[in-house]
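**Student:**
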Amino acid sequence: MPIDSNPGATDARRWPALAVLLTGTLLPPLDFFIVNVTLPSIRTDLHASADVAQLVVSVYAMAYAVTLILGGRLGDIHGRRRAFVAGMLGFGLASTICGLAGSAGVLVLGRLLQGISAAVMAPQALASIHAMFPASEKSRALSLYGATFGLAAVGGQLLGGVLVSADLWGMGWRSVFLINIPVIVLAVPAALMLVRETKEEHAGGMDFPGAVLLALGVLAVVVPLIEGREHGWPWWSLGLLGLSPSLLVIFWRYEKHRERWARTPLVPPSVMSAANGLYLGLAAAVLFYALAAFFLTFAVYQQAGLHRDALAAGLAILPVGVGQLLGPPLGLRLSRWLGSNAAAFGMGLEVAGLVLTAGAAVIGKPSLIPLPLVLIGVGQGIAVPALVRLNIDLVEPRWAGLAAGMLSAAMQLGAALSVALVGGAFFTLAPDGAAADRVESSFAVACLLISIAMTAAAVLSRRLAGSKLDLKNVDASKAAAK
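Note that this note's numbering numbers the sequence shown so that position 86 is 86, with each residue one more than the last.
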């Protein structure tokens, strides 16, 4: 089915459809964060070891990161609505397996299926926004996308604590998985009725060998980063990290060979070359999502440093959520003056919030932290939709699913890197049982490390915005010459 040049202008259902698509944006990150506060209950109920409990979190993250680009391509080829619905149904089935699991092994299997299904579902929302909405409405749609994406991180930790504490119908931790079922029961028929099907006009076939090579290369990065620190960085984790560049080079050479012989690759090298600045945008996305480590270290700081319980720690992160609600509409207004520089501006606000948070922690004034948290949230709410648009606008609409999958994968890789590196530094400085003042100073160091990564992301975003402006000037000059 071909994509119209301006489909959103004639699609009266695009805004109700967006509400459905944002459900698929909310569920994957929500289910990543919501499990963190339930792990003690899961371990007790299923008699699981610490390593197995860690797998409940890490296997989801690994499956999600490895499958994202493949999930985006599936939507481009077979239809984004079809892939969205299939991913949502798979996510519902996997959530049921998790919620009814009678052993830790079954729960880990359910989490693996959840991660794969989430990776099929999530890219379709962003790709459909790119394909369905005209340029005049795209910024507003992406601002809602950014708000949903950001609030999932805050809401996940809070909702997990509330559900476990409430112990609805005696379900305990199982309710954090089973709550997905009624959402999906409503969302699937709504998607079939409201979301217009879009896909690549000349799809070609699926590049399964390329998908396997890419999965191996990404796994060689993600598995050591997630599991290495937990096991004291054994030789196999360092070996896999050393092997990952070779695997990714082999994948890229295979993609070039496949395209040269007129067979559709998973990631067409010609698209990457034609998309001016896409490498910069993906690098900025990796650095930008270093903020994932903030949520981890903030929770430990609240409990081990300030001696608050899990629910109080969840409530303490709420100012970030407030900021994330304020950020997108503010970003829409600012974009009239800032244009493509809105992403860098939002990241600058986050850097300021992180530095102020670090200062408040060092001087032992936690009462000063809520205002910097709001600043972090506002910056995130401005930066996410602006960074997404910077990247997605670099490709033609027919490649929107691929670009969405690559962008999501870059952010997921950034999250894994930051949790491993920043989290590793934090726990080295403040191991289990460390004094409260040591936890506070370690949290401040973590905030400063994240702010450095965020500053680098802002610089790359600024360069990307400049390259887009240069490209527009060149195109305008060519048009005038004609």
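Where a beta carbon is used, it is the ideal one built from N, C-alpha and C, also for glycine. Bear in mind that the values here come from a model prediction, so they are computed numbers and not experimental data.
Here's the rule I'm using: 16 or more other beta-carbon atoms within 10 Å means buried, otherwise exposed. How should K365 be labelled?
**Tutor:** K365 comes out exposed.
**Student:** Quick check on this structure: which residue in S408, G359 and S270 has the alpha carbon closest to the alpha carbon of L287?
**Tutor:** Taking only the C-alpha atoms, the option nearest L287 is S408.
**Student:** Is the distance from the Cβ of S139 to the Cβ of A284 below 7 Å?
**Tutor:** Taking 7 Å as the Cβ cut-off, S139 and A284 do not qualify as a contacting pair.
**Student:** With H, G and I counted as helix, E and B as strand and the rest as coil, what does DSSP make of I363?
**Tutor:** The answer is coil: DSSP assigns I363 none of H, G, I, E or B.
**Student:** Here's a check: name, in chain order, each residue in its chain whose Cβ is nearer than 8 Å to the Cβ of V445, leaving out the five neighbours to either side.
**Tutor:** Closer than 8 Å at Cβ, skipping near neighbours: A358, A425, F426 and L429.
**Student:** Check this for me: beta carbons of L18 and A141, under 7 Å apart or not?
**Tutor:** Contact flag set, yes.
**Student:** Please check the pair G339 and L375, which I expect to be a contact at CB under 8 Å, by giving their CB distance rounded to whole angstroms.
**Tutor:** So it is not a contact: roughly 22 Å between Cβ atoms.
**Student:** State buried or exposed for I77, treating a residue as buried only when at least 16 other CB atoms are found within 10 Å of its CB.
**Tutor:** That one is buried.
**Student:** If you draw a straight line from the alpha carbon of L178 to that of M171, how long is it in whole angstroms?
**Tutor:** Roughly 9 Å between the two C-alpha positions.
**Student:** Note the first and the last residue of the continuous alpha helix (DSSP H) segment covering A292.
**Tutor:** Where A292 is concerned, the enclosing alpha helix (DSSP H) stretches over A292 to V300.
**Student:** What is the DSSP secondary structure of R463, reduced to helix, strand or coil?
**Tutor:** Reduced to three states, the DSSP call for R463 is helix.
**Student:** I need the DSSP call for V20, collapsed to helix, strand or coil.
**Tutor:** Note: V20 maps to helix in three-state DSSP.
**Student:** Do the stretch 344 to 359 and the stretch 451 to 458 touch if we need at least three Cβ pairs shorter than 8 Å?
**Tutor:** Judged by Cβ distances under 8 Å, the stretch 344 to 359 makes contact with the stretch 451 to 458, as three or more pairs qualify.
**Student:** Write down the C-beta distance between V59 and G115 rounded to the nearest angstrom, noting that I regard them as a contact closer than 8 Å.
**Tutor:** Sure, about 7 Å apart at Cβ, within 8 Å.
**Student:** Please state whether DSSP places R263 in a helix, a strand or coil.
**Tutor:** Coil.
**Student:** By the three-class DSSP mapping on this structure, what secondary structure does G72 have?
**Tutor:** It is helical.
**Student:** Contact check, P28 vs A122 under 8 Å by CB: the rounded distance?
**Tutor:** With a Cβ gap of about 5 Å, P28 and A122 count as contacting.
**Student:** So what's T486 in DSSP terms, helix, strand or just coil?
**Tutor:** An answer regarding residue 486 cannot be provided, because it is not within the stretch 1 to 482 covered by the chain.
**Student:** In the DSSP assignment, find the alpha helix (DSSP H) that holds Q380 and state where it starts and stops.
**Tutor:** Element bounds for Q380: P370 to I392.
**Student:** Here's the rule: buried if 16 or more other CB atoms are within 10 angstroms of the residue's CB, otherwise exposed. What is R81?
**Tutor:** Per the 10 Å Cβ criterion, buried.
**Student:** Reducing DSSP to helix, strand and coil, say where A430 ends up.
**Tutor:** If DSSP states are grouped into helix, strand and coil, A430 belongs with coil.
**Student:** Suppose you measure from the CA of D309 to the CA of V267; what does that come to, to the nearest Å?
**Tutor:** Approximately 46 Å between the Cα atoms of the pair.
**Student:** Can F443 and A361 be called in contact, C-beta distance under 7 Å?
**Tutor:** Yes. Within cutoff.
**Student:** Could you pull the start and end residues of the alpha helix (DSSP H) that W337 belongs to?
**Tutor:** Element bounds for W337: L318 to L338.
**Student:** For G79, name the three-state secondary structure that DSSP assigns.
**Tutor:** Three-state DSSP puts G79 in coil, outside helix and strand.
**Student:** What is the DSSP secondary structure of R308, counted as helix, strand or coil?
**Tutor:** DSSP places R308 in coil when its eight states are reduced to three.
**Student:** Counting Cβ pairs, one atom from each stretch, are 3 or more of them under 8 Å apart for the stretch 67 to 77 and the stretch 387 to 404?
**Tutor:** As far as the Cβ criterion goes, the stretch 67 to 77 touches the stretch 387 to 404, which means the pair count is three or higher.
**Student:** Are the beta-carbon atoms of E197 and G79 separated by less than 7 Å?
**Tutor:** Against a cut-off of 7 Å, the Cβ pair of G79 and E197 comes out as a contact.
**Student:** With distances taken from CA atoms, which of H47, W233, Q412 and V395 is nearest A63?
**Tutor:** Nearest option by C-alpha distance: Q412.
**Student:** If you draw a straight line from the alpha carbon of V249 to that of K256, how long is it in whole angstroms?
**Tutor:** Roughly 11 Å between the two C-alpha positions.
**Student:** Which whole-angstrom value is the C-beta distance of F295 and F33, which I expect to be below 8 Å?
**Tutor:** With 8 Å as the limit, F295 and F33 qualify as a contact, their Cβ atoms being about 7 Å apart.
**Student:** In the DSSP assignment, find the alpha helix (DSSP H) that holds E227 and state where it starts and stops.
**Tutor:** Residues F208 to E227.
**Student:** Are at least three pairs of beta-carbons, each pair with one atom in the stretch 376 to 391 and one in the stretch 37 to 44, less than 8 Å apart?
**Tutor:** Not touching, per the Cβ criterion.
**Student:** By Cβ distance, which residues of its chain are closer than 7 Å to A211, with the 5 residues on each side in sequence left out?
**Tutor:** For A211, where only same-chain residues beyond five positions count, the Cβ hits under 7 Å are L70 and L266.
**Student:** Taking the alpha carbon of S103 as the reference point, which residue from A187, L46, W235 and P328 has its own alpha carbon closest?
**Tutor:** Selected option, being the one with the closest Cα: L46.
**Student:** Return yes when the Cβ of F149 is within less than 7 Å of the Cβ of T25, no when it is not.
**Tutor:** Yes, the Cβ-Cβ distance between T25 and F149 is below 7 Å.
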